[in-house]
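Each remark here refers to the structure printed beneath this line.
2 protein chains.
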Amino acid sequence: MENTVRVTIVGIGAIGRAWTISFLRAGCEVRIWDQIESAADDAQKIIQAILPDLARNNLLNGRDPADLMRNMRSFSTLEEALDGAEYVQENTAEKVEVKQEIFSRFDQLAGSNAILVSSTSGFVPSAFTEHLGCRDRCLVAHPLNPPYLIPAVDVVPSPWTSRETLERAVAFLRLCGQIPIIMKKEDPGFITIRLQAMMYHECWRLVKSGLASPEDIDTSIREGLGLRWSFIGPFETADLNAPGGIRDFVARFGENLHDIFPTDGPIEWSGELMDQVEGYRRERLPLSQIRDRQLWRDRRLLALAAHKNAQSSLP
Amino acid sequence: MENTVRVTIVGIGAIGRAWTISFLRAGCEVRIWDQIESAADDAQKIIQAILPDLARNNLLNGRDPADLMRNMRSFSTLEEALDGAEYVQENTAEKVEVKQEIFSRFDQLAGSNAILVSSTSGFVPSAFTEHLGCRDRCLVAHPLNPPYLIPAVDVVPSPWTSRETLERAVAFLRLCGQIPIIMKKEDPGFITIRLQAMMYHECWRLVKSGLASPEDIDTSIREGLGLRWSFIGPFETADLNAPGGIRDFVARFGENLHDIFPTDGPIEWSGELMDQVEGYRRERLPLSQIRDRQLWRDRRLLALAAHKNAQSSLP
């Protein structure tokens, strides 16, 4: 299957770079623009360093890193970068005014066929597209970083996103190996963000209550719950934990689980509580080593993706 | 390191069998008692089938399956099974009266050196040990099943559990390759259970709100959040998601995450909502295939454990 979709990446920080790899791997022509001109050169070097590792782990669809690098070009004006683009992925700063401004420029400069997609995690698409002529072609696709190793992507349409736009975006993301999690309607806190937020709320609450240390919490996920969740979701986990499936699970354990819901609202992640949690992290990892540890994390995600692929291809 | 601890398993269902494997692998002598006499024979066959797979994946500490099987014996009376035991792991039905009764029998029958440990997920240890002479030697060690593949174990002392008991139990579990998550004081909802419960609450809530399908929820964990959580915990995840670490992460994203906390309490997992979630599961997996899928899940956990071991041994 050859894919000759022309894609524009607007903003080439960590998120834009990672999207670029997803799109290159799918065979797209990727055009890049960033308000900082040197950013594209930096990105090119980082991407060039990552692609061979993906190829070695059979995570590049059999494509050649050098070929993919030739499909990536940067432009000094947004207008040139948008020329002929069918799909635009925006990754600028997380400020609603910035999103509003860049989407207004898309409205003037992008072709009438272009789907205009924001990576934002913090704003619903209606917050920055309402007054645009192209608003029916705008939506959010929020990745977990890096999307070339983490397939799930929150896809969030605004009230005025057309059905055709949503369908085209979803089809394109699937073509790129992503798995779109489609929100039925926009709501602050997308699906993955809400699930992650509830996990955070409980982590901080447990530390504040004095019941567990921050390290215990991380361990209980990393050496416990997170193992199953890396290949079966929570509903399937529950379904497999009772002979009669999920209804039986809830009959057995539902009351207990129900009763431990905290009713006193969210707690503040600040003050001494923050000092304690940050103290745990800084003792394990000085800030000066955070970049190395991010690379280690991405290397582990890569190895896990290769492992999962090998597992799924078993009979 | 040779470990000659004599362990007694009381109740040899799925949990008891899994504990038996953990203890055998550590070199222990395991004595088994179940109120159903045939249960021990069934367990023996199941364990015999699992051990070679663990050995092939280098998950048996280099030990020989046949040797381990010789270290396992079943007894027809509880008294015999408890003879000389230093560590007793109880895995009977999840009813507080059952726990009270079996622990009363331990009080009469077990040696004065034995640590008496319950696998319960639903009861704090004080609920079934208060009136016992041996109550200072009782506590809870609640596994995620199966513990021989999932290291994290909730360790919960009662107000009267002695420090020595807690320390001996923790040291023994570590010797067996488990990672104890020690609650500072007993509280309904142990650490892993609370974290899992909050995840469930949000999963059901998202389905009820109409924002996502049950399948989308499972996918967003399995192909998204769960990937990172299989090797880094939530605090480390956040710490690595901002250049300045977790304090910087909260400064950037904390307000958004804080605002999406649900303030309307827990919802009921029943009625049409249950029909919808169960409908999703039964469409994917008929109940008649649930045992096969549980075996698949355990096979995947085994492969993941082998994968993680290989990753950690890299430089």
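Quick note, the sequences are listed as chains E and H, same order.
Heads up: the first sequence at position 305 corresponds to 1215 in my numbering, and the numbers run straight through without jumps.
Heads up: the second sequence at position 89 corresponds to 999 in my numbering, and the numbers run straight through without jumps.
Beta carbons are placed, not taken as given, at the ideal position from N, Cα and C, and that holds for glycine.
For clarity, every value in this text was computed on a predicted model and none was experimentally measured.
Helix, strand or coil: which one does DSSP assign to Thr1147(H)? On the second sequence, position 237 is the one that residue 1147(H) refers to. Helix at Thr1147(H).
Could you check whether Leu1059(H) and Leu1212(H) sit closer than 7 Å to each other, using their CB atoms as the reference points? For the purposes of this step, residue 1212(H) is taken as the residue at position 302 of the second sequence. For the purposes of this step, residue 1059(H) is taken as the residue at position 149 of the second sequence. A contact, by the Cβ cut-off of 7 Å.
Got a sec: does the ligand GDP put a non-hydrogen atom nearer than 6 Å to the Cβ of Cys1048(E)? This structure does not include the ligand GDP; it has no bound ligands of any sort.
In whole angstroms, what is the alpha-carbon distance linking Met1184(H) and Thr1173(H)? Locating residue 1184(H) in the second sequence gives position 274, counting from the first residue. Locating residue 1173(H) in the second sequence gives position 263, counting from the first residue. The alpha-carbon atoms of Met1184(H) and Thr1173(H) are separated by roughly 22 Å.
Since Met1093(H) contacts Val1066(H) with CB under 8 Å, what's their CB separation in whole angstroms? As a first step, residue 1093(H) is located in the second sequence; it is residue number 183 there, counting from the start. As a first step, residue 1066(H) is located in the second sequence; it is residue number 156 there, counting from the start. Confirmed, Cβ separation roughly 5 Å.
Report all residues from its chain with a CB closer than 7 Å to the CB of Ala1062(E); omit the five preceding and five following residues, and keep chain order. The residue you call residue 1062(E) lines up with position 152 of the first sequence. If we look at Ala1062(E) and ignore the five residues flanking it on each side, its Cβ neighbours are Leu1054, Ile1089, Ile1091 and Thr1102.
Thinking just about the alpha-carbon of each residue, which of Asn1151(E), Val940(E) and Ile925(E) is nearest to the one in Phe985(E)? Within the first sequence, residue 985(E) is the residue found at index 75, counting from 1. Of the candidates Asn1151(E), Val940(E) and Ile925(E), the one whose C-alpha sits nearest the C-alpha of Phe985(E) is Val940(E).
Please report how far the alpha carbon of Asn1166(H) lies from the alpha carbon of Val920(E), in whole angstroms. Stepping through the second sequence from its first residue, residue 1166(H) is reached at position 256. Stepping through the first sequence from its first residue, residue 920(E) is reached at position 10. Whole-angstrom Cα-Cα distance: 24 Å.
Since Ala1140(H) and Leu1214(E) are thought to touch, with beta carbons under 8 Å apart, how far apart are those beta carbons, to the nearest angstrom? As a working note, residue 1140(H) is residue 230 in the second sequence. As a working note, residue 1214(E) is residue 304 in the first sequence. Just to set this straight, residue 1140(H) is Ser in the shown sequence, not Ala. About 7 Å separates the two Cβ atoms, so the contact holds.
Can you tell me whether Asn1001(E) is buried or exposed, with buried defined as 16 or more other CB within 10 angstroms of its CB? Residue numbering aside, residue 1001(E) sits at position 91 when the first sequence is read from its first letter. Flag for Asn1001(E) reads buried.
Applying the 10 Å Cβ sphere with the 16-neighbour rule, what's the burial state of Trp929(E)? On the first sequence, residue 929(E) is found 19 positions in, with the first residue counted as 1. Its Cβ being crowded by 16 or more others within 10 Å, Trp929(E) is buried.
Looking at chain H, which residues of the stretch 1085-1105 of chain E have a Cβ within less than 8 Å of any of its Cβ atoms? Listed by position along the chain: Ile1089, Ile1091, Ile1092, Met1093, Lys1094, Lys1095, Asp1097, Pro1098, Gly1099, Ile1101, Thr1102, Ile1103, Arg1104 and Leu1105.
Simplified DSSP assignment, three categories, for Gln1088(H): Mapped onto the second sequence, residue 1088(H) falls at position 178. Look at Gln1088(H) here: in three-state DSSP terms it is coil, with no helix or strand label.
Does DSSP put Arg1201(E) in a helix, a strand or coil? Counted from its first residue, the first sequence places residue 1201(E) at position 291. Note: Arg1201(E) maps to helix in three-state DSSP.
Is DSSP giving Thr918(H) helix, strand or coil here? Locating residue 918(H) in the second sequence gives position 8, counting from the first residue. Three-state result, Thr918(H): strand.
Based on the DSSP secondary-structure assignment, which residues constitute the bridge partners of Met982(H)? Numbered from its first residue, the second sequence carries residue 982(H) at position 72. DSSP lists Val940(H) as partners of Met982(H).
Taking the beta strand (DSSP E) that Ser1028(E) falls in, what are its first and last residues? The residue labelled residue 1028(E) in the question sits at position 118 within the first sequence. Note, Ser1028(E): beta strand (DSSP E), Ile1025 to Ser1028.
Using the Cβ count rule (16 or more neighbours within 10 Å means buried), how would you classify Glu989(E)? Residue mapping note: residue 989(E) aligns to position 79 of the first sequence, counting from 1. Counting Cβ neighbours within 10 Å, Glu989(E) comes out exposed, since fewer than 16 surround it.
Closer than 7 Å by beta-carbon distance: list the chain E residues that pair up with Gln1221(H), in chain order. Residue mapping note: residue 1221(H) aligns to position 311 of the second sequence, counting from 1. Arg1210 and Ala1213, listed in chain order.
Using 10 angstroms around the beta-carbon of Glu1069(E), count the other beta-carbons present and answer buried if the total reaches 16, otherwise exposed. The residue labelled residue 1069(E) in the question sits at position 159 within the first sequence. First, the residue type needs correcting, since residue 1069(E) is Pro and not Glu in the sequence shown. Classification of Pro1069(E): exposed, given that the 10 Å Cβ count is below 16.
Identify every run of the alpha helix (DSSP H) within the stretch 1032-1069 of chain H, keeping only runs that are complete inside it and at least 4 residues long; order them along the chain. Within the stretch 1032-1069 of chain H, complete alpha helix (DSSP H) segments of at least 4 residues are found at 1036-1039, given in chain order.
Three or more C-beta pairs below 8 Å linking the stretch 1117-1131 of chain H and the stretch 1179-1198 of chain H: At 8 Å Cβ cutoff, the stretches touch.
Between the C-alpha atoms of Arg1015(H) and Glu996(H), what's the straight-line distance to the nearest angstrom? Taking the first residue of the second sequence as 1, we reach residue 1015(H) at position 105. Taking the first residue of the second sequence as 1, we reach residue 996(H) at position 86. So the two alpha carbons sit approximately 16 Å from each other.
Give, in chain order, every residue of the stretch 1190-1205 of chain H whose Cβ lies closer than 9 Å to some Cβ of chain E. Those would be Tyr1190, Arg1191, Arg1192, Arg1194, Leu1195, Leu1197, Ile1200, Arg1201, Arg1203 and Gln1204, in chain order.
Run down chain H in chain order and give the residues with a C-beta less than 8 Å from the C-beta of Leu1073(E). The count along the first sequence starts at 1 and reaches residue 1073(E) at position 163. Residue 1073(E) is actually Arg in this sequence, not Leu. Those within 8 Å of Arg1073(E) in chain H number zero; the least Cβ separation is about 18 Å.
Listed by chain order, chain H residues near Asp1149(E) by CB distance under 8 Å: On the first sequence, residue 1149(E) is found 239 positions in, with the first residue counted as 1. Counting only Cβ-Cβ distances below 8 Å, Asp1149(E) has contacts in chain H at Arg1191, Leu1195 and Ile1200, in chain order.
Proximity test, Cβ basis, 7 Å: Ile1170(E) and chain H: Against the first sequence, residue 1170(E) aligns to sequence position 260. True, the Cβ-Cβ gap to chain H drops below 7 Å.
Would you list, in chain order, the members of the stretch 1120-1142 of chain H that have their beta-carbon closer than 9 Å to a beta-carbon of chain E? Listed by position along the chain: Gly1120, Leu1121, Ala1122, Ser1123, Pro1124, Glu1125, Asp1126, Ile1127, Asp1128, Thr1129, Ser1130, Ile1131, Arg1132, Glu1133, Gly1134, Leu1135, Gly1136, Leu1137, Arg1138, Trp1139, Ser1140, Phe1141 and Ile1142.
List, in order along the chain, the chain E residues whose C-beta lies closer than 8 Å to that of Ile1060(H)? For the purposes of this step, residue 1060(H) is taken as the residue at position 150 of the second sequence. For the C-beta of Ile1060(H), the chain E residues within less than 8 Å are, from N- to C-terminus, Glu1133, Gly1134, Leu1137 and Arg1138.
Can you pull the chain E residues whose beta carbon is under 8 Å from the beta carbon of Trp929(H), in chain order? Position 19 of the second sequence, counted from the start, is the residue given in the question as residue 929(H). Within 8 Å Cβ-Cβ: nothing; Trp929(H) doesn't reach chain E, min ~16 Å.
What's the gap between the Cα of Glu1007(E) and the Cα of Leu961(H)? Looking up residue 1007(E) in the first sequence gives position 97. Looking up residue 961(H) in the second sequence gives position 51. Taking the straight line joining both Cα atoms gives about 60 Å.
Within chain H, partners of Val1187(E) - CB distance below 8 Å: Within the first sequence, the letter at position 277 stands for residue 1187(E). Per Cβ cutoff of 8 Å: Phe1145 and Ile1156.
Got a sec: is the Cβ-Cβ distance from Asn1166(E) to anything in chain H below 7 Å? By 1-based counting over the first sequence, the position of residue 1166(E) is 256. Asn1166(E) counts as touching chain H.
Which residue marks the beginning of the alpha helix (DSSP H) containing Gln1010(E), and which one marks its end? As a position in the first sequence, residue 1010(E) is number 100, starting the count at 1. Where Gln1010(E) is concerned, the enclosing alpha helix (DSSP H) stretches over Val1006 to Leu1019.
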